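The sequence shown: position 68 = 69 (my numbering), numbered continuously. Note that CB positions come from ideal geometry on N, CA and C, so glycine has one too. Nothing here was measured: the structure is a model prediction, and the numbers come from that model.
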Amino acid sequence: MKPLLIIYFSGAGNTKAVSEYIKRCVDEKYAAEIYPVEKLSDDFSFERYSAVIIGTPTYHSEPAKPLMDFLGRISPNRNIPAFIFATCGLYPENSLRILGKKCLEHSVVPIYYASYRCSASDGILLAPFMKCWFKNEKGLSEKIKKDVSIFFGRLKAQAKADMPRYKWYAPLNYPNKMLGKAVTFPIYLHKDRCVKCGKCEKNCPQSAVSNKDGYPVINRADCINCYRCIHHCPGMALSLYKNRAVEKVWEKDGDLS
Numbered sequence: 002m003k004p005l006l007i008i009y010f011s012g013a014g015n016t017k018a019v020s021e022y023i024k025r026c027v028d029e030k031y032a033a034e035i036y037p038v039e040k041l042s043d044d045f046s047f048e049r050y051s052a053v054i055i056g057t058p059t060y061h062s063e064p065a066k067p068l069m070d071f072l073g074r075i076s077p078n079r080n081i082p083a084f085i086f087a088t089c090g091l092y093p094e095n096s097l098r099i100l101g102k103k104c105l106e107h108s109v110v111p112i113y114y115a116s117y118r119c120s121a122s123d124g125i126l127l128a129p130f131m132k133c134w135f136k137n138e139k140g141l142s143e144k145i146k147k148d149v150s151i152f153f154g155r156l157k158a159q160a161k162a163d164m165p166r167y168k169w170y171a172p173l174n175y176p177n178k179m180l181g182k183a184v185t186f187p188i189y190l191h192k193d194r195c196v197k198c199g200k201c202e203k204n205c206p207q208s209a210v211s212n213k214d215g216y217p218v219i220n221r222a223d224c225i226n227c228y229r230c231i232h233h234c235p236g237m238a239l240s241l242y243k244n245r246a247v248e249k250v251w252e253k254d255g256d257l258s
């Protein structure tokens with residue numbers, strides 16, 4: 002059997018952690034390769050892979066823009082079976098359905114899908130006093146193992162497309178969704194904490210961070226609020242609050258270690 006491909010976009014780190022755990026599960030039976038979508042070129046070939054697993058975080062009820070942009074540029078020469086998944090702080094709404102439709106448009110055929118409730122990267126920054134934001138759902142690792150096993154079974158059975166269903170309650174969240182997309186939180190720099198390492202500029206998936214006099218400057222027009230820069234700043238120098246530095250940042254939950 003040809004190797005499986007795992008591709009993902011991850012902001013703070015939830016989707017990366019889940020993707021890496023999925024790879025460990027896959028490795029027990031098959032060879033697998035894993036890549037963050039930023040590392041893949043537009044002419045990346047899917048031909049040497051038997052199937053693909055695609056992961057996205059949920060941002061304002063939608064999949065991550067860098068992943069959707071990448072999928073919009075690919076053109077495999079054959080239909081490739083896929084397992085698609087979304088990580089989310091509370092629930093994924095219709096992000097999986099949006100992702101599935103984009104996949105189908107480009108010869109990637111979802112035959113299984115799942116969502117995983119993980120620590121809320123925005124909640125950690127906005128309300129660090131609420132412990133619920135820091136934990137993944139109970140039994141996450143076992144759930145992932147089960148999903149991978151089901152996906153293997155569907156691959157063996159040559160299952161047909163299985164699209165995520167439309168969630169009828171999604172419109173109830175439209176005001177929050179549209180507000181979240183229209184109003185992005187500015188990211189403030191606390192210079193006294195900045196170590197001028199350039200990590201935020203180097204790691205920004207949207208190239209929205211530039212350098213001025215050794216300090217990061219964030220272009221809000223290009224920022225997708227993945228908060229990777231905040232959560233991975235070694236000096237905890239970036240914050241959503243102008244007058245207060247961050248107290249806590251994202252850490253991998255032990256269930257996926």
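Item, Value
"Alpha-carbon spacing of I54 relative to K132, whole angstroms", "31 Å"
"Collapsed DSSP secondary structure at C1 in the structure displayed", "Here the chain comprises residues numbered 2 to 258, so residue 1 is not present and cannot be evaluated."
"Touch test, the segment 158–166 against the segment 103–113, Cβ-Cβ under 8 Å, three pairs minimum", "yes"
"Contiguous beta strand (DSSP E) assignments of at least 3 residues, all confined to the segment 8–57", "33–37"
"Coarse secondary structure for P217, derived from DSSP in three states", "strand"
"Where E29 falls, given that 16 or more other Cβ within 10 Å makes a residue buried", "exposed"
"Rounded C-alpha distance that separates F84 from A246", "39 Å"
"Pick from F71, H61, R79 and N137 that is closest to G14, judged by C-alpha positions", "N137"
"Reduced DSSP secondary structure (H/G/I, E/B, other) of L206", "Checking the sequence, you will find Pro at residue 206 rather than Leu. Coil, per DSSP."
"Alpha carbon of V210 to alpha carbon of E39, nearest angstrom", "16 Å"
"Inter-residue Cα distance where the pair is H107 and E248", "43 Å"
"Spatial neighbours of E63 in its chain, beta-carbon cut-off 7 Å, leaving aside the 5 residues before and after", "S96 and I99"
"Strand pairing of Y113, partner residues [DSSP]", "F84"
"For L5: DSSP bridge partner residues", "A33 and A52"
"Start-to-end residues for the alpha helix (DSSP H) that takes in F153", "L141 to K157"
"Cα-Cα separation, R194 to L127", "19 Å"
"Residues bridged to P67 (per DSSP)", "Its beta-bridge partners do not exist; DSSP assigns none."
"Residues of its chain near N80, where Cβ-Cβ distance is below 7 Å and the 5 sequence neighbours each way are ignored", "S108 and V110"
"Cβ-based burial, E143 [other Cβ within 10 Å; buried from 16]", "exposed"
"Nearest candidate by alpha-carbon position, reference Y189, set K66, D254 and Y242", "Y242"
"Exposure of K17, with buried meaning 16 or more beta-carbon neighbours within 10 Å", "buried"
"Identity of the residues DSSP links to S240 by a beta bridge", "Y189"
"R229 (DSSP reduced to helix, strand or coil)", "helix"
"Cβ separation of S20 and G56, assumed to be a contact under 8 Å, to the nearest whole Å", "5 Å"
"Start and end residues, alpha helix (DSSP H) containing L126", "S122 to L127"
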